[in-house]
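Enquirer: My questions will all concern the structure given below.
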Amino acid sequence: MKSDEKRSHRLNYLLKSYLINPKEIDLYRKAKQMGVSDSTAKDYIRTVIIQAQRINSQ
105 MKSDEKRSHR LNYLLKSYLI NPKEIDLYRK AKQMGVSDST AKDYIRTVII QAQRINSQ
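Numbering (this note's numbering), first residue to last: 105 to 162.
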């Protein structure tokens with residue numbers, strides 16, 4: 105699997121999790137469980153929150 109595919113799958117998983125339980129700390133924990141660095145986990149969180157806001161505004 106290519107790295108961009110892996111990132112896409114991870115972000116989709118985190119987005120689904122965030123929509124069910126919108127707590128940043130839980131989202132961060134799930135991202136860290138994927139074995140990513142702190143900065144990558146924070147980037148995932150920002151991306152997921154932006155996506156969730158777009159979904160909720162529609």
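Cβ atoms here follow ideal geometry from the backbone N, Cα and C, with glycine treated the same way.
Quick one: complete alpha helix (DSSP H) runs, 4+ long, within the region 106-159?
Expert: Counting only runs of 4 or more residues that sit fully inside the region 106-159, the alpha helix (DSSP H) segments are 107-124 and 128-137, in chain order.
Enquirer: Ordered along the chain, which non-local residues of its own chain (more than five positions away) have a Cβ less than 6 angstroms from that of residue 145?
Expert: 132, 135 and 136
Enquirer: Tell me which residues share the same chain as residue 149 and place their Cβ nearer than 7 angstroms to its Cβ, disregarding the 5 neighbours each side in the sequence.
Expert: Taking C-beta separations shorter than 7 angstroms and ignoring five residues to either side along the sequence, the partners of residue 149 in its chain run 128, 131, 132 and 135, following chain order.
Enquirer: Between residue 155 and residue 119, which are expected to be in contact by the criterion C-beta below 8 angstroms, what is the C-beta distance as a whole number of angstroms?
Expert: Contact holds; Cβ gap of about 5 angstroms.
Enquirer: Taking the C-alpha atoms as reference points, what is the distance between residue 147 and residue 109?
Expert: Cα atoms of residue 147 and residue 109: separation of roughly 16 angstroms, rounded to the nearest angstrom.
Enquirer: Give me the residue from 106, 107 and 114 with the minimum Cα distance to residue 151.
Expert: The candidate whose alpha carbon is nearest that of residue 151 is 114.
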